[in-house]
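Enquirer:
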Amino acid sequence: MQSELLTLSGVSLAYQTVAGETAAIQDLNLAVHDGEFLAVVGPSGCGKTSVLSLIMGLIPQSAGTITRHKPDLRMGYMLQRDCLLDHRSVEKNVLLGLEVQHRLNPQSYERAMRLLDTYGLSEFRSHKPHQLSGGMRQKVALIRTLALEPDLLLLDEPFSALDYQTRLNLSDEVYRIIRKEHKSAILVTHDISEAVSMADRVAVFSARPAALKAEIAVDYPAALTPLERRRDASFREYFDRIWKELQS
Amino acid sequence: MKRMNPASDAHAAYLKSLRRDARRIRLAQIGVLLFLLLIWELGADLRWFDPFILSSPSRVIATIARLYADGSLWVHIGTTLFETVLGFLLGTVLGALAAVLLWWLPKLNRILDPYLVVLNALPKIALGPVLIVWIGAGTASIVVMGVLVSLVVTTVTVLNGFLTATDEKQLLMRTLGATKLQIFTKVVLPAGVPDLISALKISVGMSWVGVIVGEYLVSKAGLGYLIVYGGQVFKLDLVMASVAILCVLAALMYYAVAFLEARVRQ
């Protein structure tokens, strides 16, 4: 196993609402390793997304510590919806993060355009988002994230807004992109088959307040793509194990 | 309409029928105007009604020609146009700036919300006499009136436009590490542009209302002045001529904004 990239130890999160205090996460211990694809599954509304917000630093935890083992660990967040800005071209959308962080220069521009090219979107550079299909839009959103050269990708149900066929194809493609660019990733999903087909390890969360129920290492006999994994005999086995963990 | 290369004979026929319809509608529009003018002129000539009360197209034209000849036409048009454009620009700019401020400070927005509602509902024209006392009987009062009438509606419309920027897109900006200013310039402001333009279209009409009413109350020149003066001395030719000029000017200004809109939307 590679070295740890990020560790959550004893992390808790409580929300304040008018109705009272809601415990969203309770004493969570979780680590992501360098180069690892970690999936987090759990019942809906269990606080999976909050974990990503905590890691990204968008909200502060109520207790516990989140340790980054690389001082300049760069993280990229991918949301459920692509959130492309309608008034900007595909190219300008991809450059948004670089612009915001004042990191747009000839080299980073060149790299972003190469990403568009590699993943088959260069001919749509000057298109507006509304001219693209849902799957293509989500790919643009991924490239927008990758353009920032993150070490760790936080994927918040990035395929759930897509139709089933697009979803399978895109998860296959995203998987390959993440492997090819040697990124680590945390994928949050409620779709067990998505988790089993993409991840190296699956963390199963309990219902709210979220706590770690089980960690299941997913190990296929060979290096398979998500679509191939779905056809492999061990796919169903892993699926059943996670299903049982969620039910218990 | 943009001419396209027809895909087939049937498509060519379809495009042709579209153009024919558009042409017919334009002809009908002109026809309605000519018909009304004709009835008006005929009715005055044949004494169906008293032209002293209702004037007539020929008398309107004669009045405009006389105003042109004695050089006062451009003075009146210039005065009113200057006041309206100034009131419109100030009202729009100040209204948009107020909207930015209220977006930036949500607490201030909550505090001022009921005041904004009341100000928006209040007929600003009612403040006319107050303005005259405060600012004085002159151009300044008229311009302020034009500003007041367009200001609040601009603020409300533009602010609503800013608030259409989804939370999700703002969250995205935060995950990219954006500052509040970057969120505003890259997400919120562009989201507000369509509403900003509708605000322009609304306030262009509003400024005319404010300025004409202002001129009714205090002025020594301008189209509003001519209308009030004409009414007082029973020169209905003068009133009708001024209204006709107003129609043309207001339409021109509206189309200028619409033209701007088309350019921005491209």
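Protein chains in written order, with the numbering used here: chain A, 1 to 248; chain B, 1001 to 1266.
Note that beta-carbon positions come from the ideal geometry of N, C-alpha and C, so glycine has one too.
If you draw a straight line from the C-alpha of residue 249/A to the C-alpha of residue 1156/B, how long is it?
Expert: With chain A covering only 1 through 248, there is no way to say anything about residue 249/A.
Enquirer: Give, in chain order, every unbroken run of the alpha helix (DSSP H) that is at least 4 residues long and sits entirely within the region 1172-1224 of chain B.
Expert: As far as the region 1172-1224 of chain B is concerned, its whole alpha helix (DSSP H) runs of at least 4 residues are 1180-1183, 1189-1217.
Enquirer: Spatial neighbours of residue 24/A within its chain, please: CB distance less than 7 Å, with the 5 preceding and 5 following residues excluded, ordered by chain position.
Expert: Sequence index remark: in the first sequence, residue 24/A carries index 24 (1-based). Excluding residues within five positions, the ones whose Cβ falls inside 7 Å are 13, 14, 15, 47, 50, 208, 209, 210.
Enquirer: Tell me whether residue 1017/B sits in a helix, a strand or coil according to DSSP, three-state version.
Expert: Locating residue 1017/B in the second sequence gives position 17, where the first residue counts as 1. It is helical.
Enquirer: Taking only the alpha-carbon atoms, compute the straight-line gap between residue 1001/B and residue 1258/B and give it to the nearest angstrom.
Expert: As a working mapping, residue 1001/B is identified with position 1 in the second sequence. As a working mapping, residue 1258/B is identified with position 258 in the second sequence. A caution first: residue 1001/B carries a pLDDT of 46, below 50, which makes its placement in the model unreliable, though a value can still be read off. Those two C-alpha atoms are separated by around 16 Å.
Enquirer: In chain order, what residues of the same chain have a beta carbon less than 6 Å from the beta carbon of residue 1057/B, not counting five sequence neighbours either side?
Expert: On the second sequence, position 57 is the one that residue 1057/B refers to. Within the same chain, residue 1057/B has close Cβ partners 1037, 1040, 1041.
Enquirer: For chain B, is any of its Cβ atoms less than 8 Å away from the one on residue 153/A?
Expert: Numbered from 1 along the first sequence, position 153 holds the residue referred to as residue 153/A. Answer no: the Cβ-Cβ gap between residue 153/A and chain B never drops below 8 Å.
Enquirer: Within the continuous beta strand (DSSP E) that includes residue 28/A, where are the two ends?
Expert: As a working note, residue 28/A is residue 28 in the first sequence. Note, residue 28/A: beta strand (DSSP E), 20-33.
Enquirer: For chain B, is any of its Cβ atoms less than 8 Å away from the one on residue 136/A?
Expert: For the purposes of this step, residue 136/A is identified with residue 136 of the first sequence, where counting begins at 1. False, the Cβ-Cβ gap to chain B never drops below 8 Å.
Enquirer: Compute the Euclidean distance between the alpha carbons of residue 212/A and residue 246/A, then round it to the nearest angstrom.
Expert: Residue mapping note: residue 212/A aligns to position 212 of the first sequence, counting from 1. Residue mapping note: residue 246/A aligns to position 246 of the first sequence, counting from 1. Looking at the two C-alpha atoms, the distance is approximately 11 Å.
Enquirer: Flag this pair as yes or no: are the beta carbons of residue 150/A and residue 183/A separated by less than 8 Å?
Expert: Position 150 of the first sequence holds residue 150/A. Position 183 of the first sequence holds residue 183/A. Yes, they are a contact pair.
Enquirer: Which residues in chain A have a C-beta closer than 7 Å to the C-beta of residue 1096/B? List them in chain order.
Expert: The residue given as residue 1096/B occupies position 96 in the second sequence. In chain order: nothing, as chain A lies at least about 18 Å away.
Enquirer: Determine which residues share a DSSP beta bridge with residue 39/A and list them.
Expert: Within the first sequence, numbered from 1, the residue matching residue 39/A stands at position 39. In the DSSP output, where bridge partners are listed per residue, residue 39/A has 187/A, 202/A.
Enquirer: Who are the Cβ neighbours of residue 1083/B in its own chain at under 8 Å, not counting the five residues just before and after it?
Expert: By one-based count along the second sequence, residue 1083/B stands at place 83. Hits under 8 Å: 1139, 1142, 1143, 1146, 1211, 1214, 1215, 1222.
Enquirer: Quick check on this structure: which residue in 166/A, 178/A, 165/A has the alpha carbon closest to the alpha carbon of residue 154/A?
Expert: In the first sequence, counting from the first residue as 1, residue 154/A sits at position 154. Of the candidates 166/A, 178/A, 165/A, the one whose C-alpha sits nearest the C-alpha of residue 154/A is 178/A.
Enquirer: Which residues in the same chain as residue 240/A place their Cβ atom closer than 6 Å to its Cβ, once the five residues preceding and following it in sequence are excluded?
Expert: One-based indexing of the first sequence puts residue 240/A at position 240. Correct list: empty, nothing qualifies.
Enquirer: Kindly give me the distance between the Cβ atoms of residue 250/A and residue 30/A, rounded to whole angstroms, as I take these residues to be in contact under 8 Å.
Expert: One cannot answer for residue 250/A here, as it falls past the ends of chain A, which runs 1 to 248.
Enquirer: Count the CB pairs spanning the region 112-124 of chain A and the region 74-87 of chain A that are closer than 8 Å, and state whether there are at least three.
Expert: Contact fails: fewer than three Cβ-Cβ distances are below 8 Å.
Enquirer: Is it the case that the region 1068-1086 of chain B contacts the region 1185-1197 of chain B, given that we only count it when at least three CB pairs across the two stretches are under 8 Å?
Expert: In short, these stretches do not touch, since the Cβ pair count stays below three.
Enquirer: Would you check if the distance between the CB atom of residue 57/A and the CB atom of residue 10/A is smaller than 8 Å?
Expert: For the purposes of this step, residue 57/A is taken as residue 57 along the first sequence, with counting starting at 1. For the purposes of this step, residue 10/A is taken as residue 10 along the first sequence, with counting starting at 1. No. Outside cutoff.
Enquirer: Touching or not, the region 1218-1238 of chain B and the region 1091-1105 of chain B, by the rule of three or more beta carbon pairs under 8 Å?
Expert: Not touching, per the Cβ criterion.
Enquirer: Would you verify that the beta carbon of residue 1001/B is, or is not, closer than 8 Å to some beta carbon of chain A?
Expert: Sequence index remark: in the second sequence, residue 1001/B carries index 1 (1-based). Below a pLDDT of 50, predicted positions are generally treated as unreliable, and residue 1001/B, at 46, falls in that range; no measurement from the model is reported.
Enquirer: For residue 19/A, count the other beta carbons within 10 Å of its own beta carbon; 16 or more makes it buried, fewer makes it exposed. Which is it?
Expert: Here residue 19/A refers to the residue found at position 19 of the first sequence. Flag for residue 19/A reads exposed.
Enquirer: Should residue 159/A and residue 41/A be called a contact, given that it needs their Cβ atoms to be closer than 8 Å?
Expert: Counting from one through the first sequence, the residue named residue 159/A turns up at place 159. Counting from one through the first sequence, the residue named residue 41/A turns up at place 41. No. Outside cutoff.
Enquirer: Which residues, taken in chain order from the region 74-94 of chain A, show a beta carbon closer than 7 Å to some beta carbon of chain B?
Expert: Those residues of the region 74-94 of chain A that come within reach of chain B (Cβ to Cβ, closer than 7 Å) are 77, 79, 81, 83, 85, 87.
Enquirer: Leaving out five residues before and five after residue 1096/B in sequence, what residues of the same chain have Cβ atoms less than 8 Å from its Cβ?
Expert: Start at 1 with the first residue of the second sequence, and residue 1096/B comes out as number 96. Correct list, in chain order: 1154, 1155, 1158, 1196, 1199.
Enquirer: Answer yes if the region 135-146 of chain A comes into contact with the region 99-118 of chain A, meaning at least three C-beta pairs across the two stretches below 8 Å, and no otherwise.
Expert: Yes: the two stretches touch, three or more of their Cβ pairs being nearer than 8 Å.
Enquirer: Which residue's Cα is closest to the Cα of residue 137/A: 73/A, 82/A, 78/A?
Expert: For the purposes of this step, residue 137/A is taken as residue 137 along the first sequence, with counting starting at 1. Ranking the options by Cα distance to residue 137/A, first place goes to 82/A.
Enquirer: Where does residue 238/A fall in DSSP's three states?
Expert: Taking the first residue of the first sequence as position 1, residue 238/A is located at position 238. In the structure shown, residue 238/A sits in a helix (DSSP, three-state: H, G or I).
Enquirer: Going by DSSP, what residues sit across from residue 14/A in a beta bridge?
Expert: As a working mapping, residue 14/A is identified with position 14 in the first sequence. Bridge partners of residue 14/A: 23/A.
Enquirer: Below 8 Å between beta carbons is the criterion; list the residues of the region 37-54 of chain A that meet it against any residue of chain B, in chain order.
Expert: Residues passing the 8 Å Cβ filter: none.
Enquirer: By the three-class DSSP mapping on this structure, what secondary structure does residue 1001/B have?
Expert: Numbered from 1 along the second sequence, position 1 holds the residue referred to as residue 1001/B. Its pLDDT being 46, under 50, residue 1001/B is placed unreliably by the model, and the measurement read from it follows with that caveat. Three-state DSSP puts residue 1001/B in coil, outside helix and strand.
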